[in-house]
Amino acid sequence: MSAADVVELLRAQLGDRVDTDPIALEATRADKSGHASPGAPLAIVHAQSVDDVQATLRIAHATATPVVTRGAGTGLAGGANAGPGELVLSLARMDRVLEIRADDLLAVVEPGILNARLNELLAEHGVWWAPDPASREISTVGGNIATGAGGLLCAKYGVVRDAVLGVDIVLADGRLLRLGHRSVKGVTGLDLTSLVIGSEGILGVIVGATLKLRRLVPGQSQTLTAVFPDVRAAAVAAAAVTASGIQPAIMELMDALSLEAVHRLLKLAPPRPDAAQLTIQTDGVAAEAEADAIATVLRDLGGEVAVAADAADAERLWSIRRSMHPAMESLGTTLIEDVSVPRSMLPEMFDAIARIEAAYGIRIPTVCHAGDGNLHPNFVFEGDVVPPRIWEAADELFHAALRLGGTLTGEHGIGVLKRRWLADELGDDQWELQRQIARVFDPAGILNPGKVFAP
Numbered sequence: 037m038s039a040a041d042v043v044e045l046l047r048a049q050l051g052d053r054v055d056t057d058p059i060a061l062e063a064t065r066a067d068k069s070g071h072a073s074p075g076a077p078l079a080i081v082h083a084q085s086v087d088d089v090q091a092t093l094r095i096a097h098a099t100a101t102p103v104v105t106r107g108a109g110t111g112l113a114g115g116a117n118a119g120p121g122e123l124v125l126s127l128a129r130m131d132r133v134l135e136i137r138a139d140d141l142l143a144v145v146e147p148g149i150l151n152a153r154l155n156e157l158l159a160e161h162g163v164w165w166a167p168d169p170a171s172r173e174i175s176t177v178g179g180n181i182a183t184g185a186g187g188l189l190c191a192k193y194g195v196v197r198d199a200v201l202g203v204d205i206v207l208a209d210g211r212l213l214r215l216g217h218r219s220v221k222g223v224t225g226l227d228l229t230s231l232v233i234g235s236e237g238i239l240g241v242i243v244g245a246t247l248k249l250r251r252l253v254p255g256q257s258q259t260l261t262a263v264f265p266d267v268r269a270a271a272v273a274a275a276a277v278t279a280s281g282i283q284p285a286i287m288e289l290m291d292a293l294s295l296e297a298v299h300r301l302l303k304l305a306p307p308r309p310d311a312a313q314l315t316i317q318t319d320g321v322a323a324e325a326e327a328d329a330i331a332t333v334l335r336d337l338g339g340e341v342a343v344a345a346d347a348a349d350a351e352r353l354w355s356i357r358r359s360m361h362p363a364m365e366s367l368g369t370t371l372i373e374d375v376s377v378p379r380s381m382l383p384e385m386f387d388a389i390a391r392i393e394a395a396y397g398i399r400i401p402t403v404c405h406a407g408d409g410n411l412h413p414n415f416v417f418e419g420d421v422v423p424p425r426i427w428e429a430a431d432e433l434f435h436a437a438l439r440l441g442g443t444l445t446g447e448h449g450i451g452v453l454k455r456r457w458l459a460d461e462l463g464d465d466q467w468e469l470q471r472q473i474a475r476v477f478d479p480a481g482i483l484n485p486g487k488v489f490a491p
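Right, here's the structure in full:
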């Protein structure tokens, strides 16, 4: 069956929700990773209901048409990029909050709601959803779940996997499954909810989620910064905060290159050469005492500590960290990477980055969620295609993280960009077992083909 025939079948059932506008199709070729598919897909279905998703997948299954599920397109691994002959299933219009139960600390939502918008609505009920990716203003909850997103608050409040009770998914053949539960406890059968979280669209299409909420944190948060002479000293201090037993809500580390780029973008006074900075937030009723204790740890290790005077001052300090991505974009094309190591290994990981910079004659500005050991090295280059030497440097960086007991990706996922390294971490047997599990869900292999497990 031709692509035109597939589009006509879709239009017969879904009408104007089927979009073939060339500009819209072109936009779905890429996400925020900078990677793009070789050409545009055949159509976009703007689903507005579970029925729309089921109808789309039944047609795709019957015609063997590949389907790429897409939310806001803010991913950083090429996981939602669509190419020639593929159908884009957009869930952005499925953005309702279906239920909020503050008494049970749960909410039921559609996948297209933006992370930040959800928390605006939840705040009226005295609750919040803890996952806090830096893209929360523009990323969807469904995309957060599909990629297993993390964020700034992970060390204290957990990642997406810790905040989802259940998911509703539509399989490749159109069947609807409701996985998980609404109760706090639930161990009936295999934990398919956890399997779907972070599965990057290869097992099914997430059409709903039952989320685990928290009460709003009491008290006033405290923000402080500490400047160190170099990034290794800052990493040692971050590890010392963790080892002290004090639990900050957020602890972010910016190396000299990233700090310099942000200061230039925001037209701030240049930081000291080679200086690295920790920015830390404590919260809860003990926020002030914890901030004081952390400040003592940092000063003992040579940090120059400054405490925010008020909320406006704290917001100014956090604006520096939040400006990291636009600052990198101002330097050129950026491959934003994502490795994690045990927190005690942060100094050694920064040593490895320095060695790779020297070996390849490149600069790798790096920001780090130091509270959980998740680093984002940025490989900056010119043009639209990642040069071979950048991939070679990235290869060394990935393997350095693995040698230190870490992982290839803490929150961005595998997508297209890291599929060649997946077996290096999993091993051949586990790689094959996971691939076979994916085929149980999608025997024909039409969901997000070429992603994650492609050779």
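One point on numbering: in our numbering, the residue at position 91 of the sequence shown is 127, and numbering is uninterrupted. No residue lacks a Cβ here, since even glycine has one placed at the ideal position from N, Cα and C.
- A274 is a Cβ neighbour of L289, given a cutoff of 7 Å.
- Out of S280, D88 and A76, the CA that lies nearest to the CA of D52 is found in D88.
- Between the alpha carbons of R250 and D41 lies a gap of roughly 48 Å.
- Distances from the alpha-carbon of A312 to those of I149, S257, F264 and V272 put F264 closest.
- Membership of K192 in the alpha helix (DSSP H) is indicated by the continuous run C190 to Y193.
- Linking V223 to G240 through their CA atoms gives a straight-line distance of about 22 Å.
- Under the 10 Å beta carbon count, S126 is surrounded by 16 or more other beta carbons and is classified as buried.
- For W427, the number of other beta carbons within 10 angstroms of its own is below 16, and it is reported as exposed.
- Of the other Cβ atoms in all chains shown, fewer than 16 fall within 10 Å of the Cβ of A490; this residue is therefore exposed.
- In the three-state DSSP reduction, R47 falls in the helix class (H, G or I).
- Contact between the segment 413-432 and the segment 387-398 is present: 3 or more CB-CB pairs across the two stretches fall below 8 Å.
- Counting along the chain, H361 sits inside the alpha helix (DSSP H) bounded by residues M360 to E365.
- As DSSP reads the structure, A66 sits in a beta bridge with A72.
- DSSP, reduced to helix, strand and coil, places M385 within a helical segment of the structure shown.
- Linking L213 to K303 through their CA atoms gives a straight-line distance of about 52 Å.
- Excluding residues up to 5 positions away in sequence, G107, A108, T110 and G111 lie with their Cβ nearer than 7 Å to the Cβ of G179 in the same chain.
- Just so you know, the alpha carbons of A436 and L93 end up roughly 41 Å apart.
- In chain order, P254 and G255 place their CB closer than 8 Å to the CB of V321, counting only its own chain and leaving out the 5 sequence neighbours on each side.
- Remark: C-beta atoms of G148 and T105 do not approach each other more closely than 7 Å.
- Collapsing the DSSP output to three states places F489 in coil.
- Boundaries of the alpha helix (DSSP H) harbouring H97: V86 to T99, taken from the DSSP string.
- Taking 7 Å as the cut-off, the beta carbon of P383 is found closer than this to the beta carbon of V272.
- Taking C-beta separations shorter than 7 Å and ignoring five residues to either side along the sequence, the partners of I286 in its chain run L188, L189, I316, Q317 and G407, following chain order.
- Going by C-alpha positions, Q466 is about 10 Å away from I473.
- Note that the C-beta distance between T370 and V333 is not below 7 Å.
- Taking the C-beta atoms as reference points, T246 is found nearer than 7 Å to L142.
- Within 10 angstroms of the beta-carbon of D57 lie fewer than 16 other beta-carbons, which makes it exposed.
- Assignment of beta-bridge partners to G419 by DSSP yields no partner.
- One alpha carbon belongs to E62, the other to G115, and they sit about 16 Å apart.
- Take R172, set aside five residues on each side of it, and the residues of its chain with a beta-carbon closer than 6 Å to its own are N151 and A152, in chain order.
- Note on geometry: alpha-carbon atoms of K248 and L215 lie some 14 Å from one another.
- Distance from the CA of H299 to the CA of T402, rounded to the nearest whole angstrom, comes to 15 Å.
- When the five nearest sequence neighbours on each side are left out, no beta carbon in the same chain lies closer than 6 Å to the beta carbon of D328.
- For V333, the three-state secondary structure derived from DSSP is helix.
- Residue environment analysis places P77 among the buried positions, since at least 16 neighbouring C-beta atoms fall within 10 angstroms of its C-beta.
- Per DSSP, reduced to three states, the secondary structure at D204 is strand.
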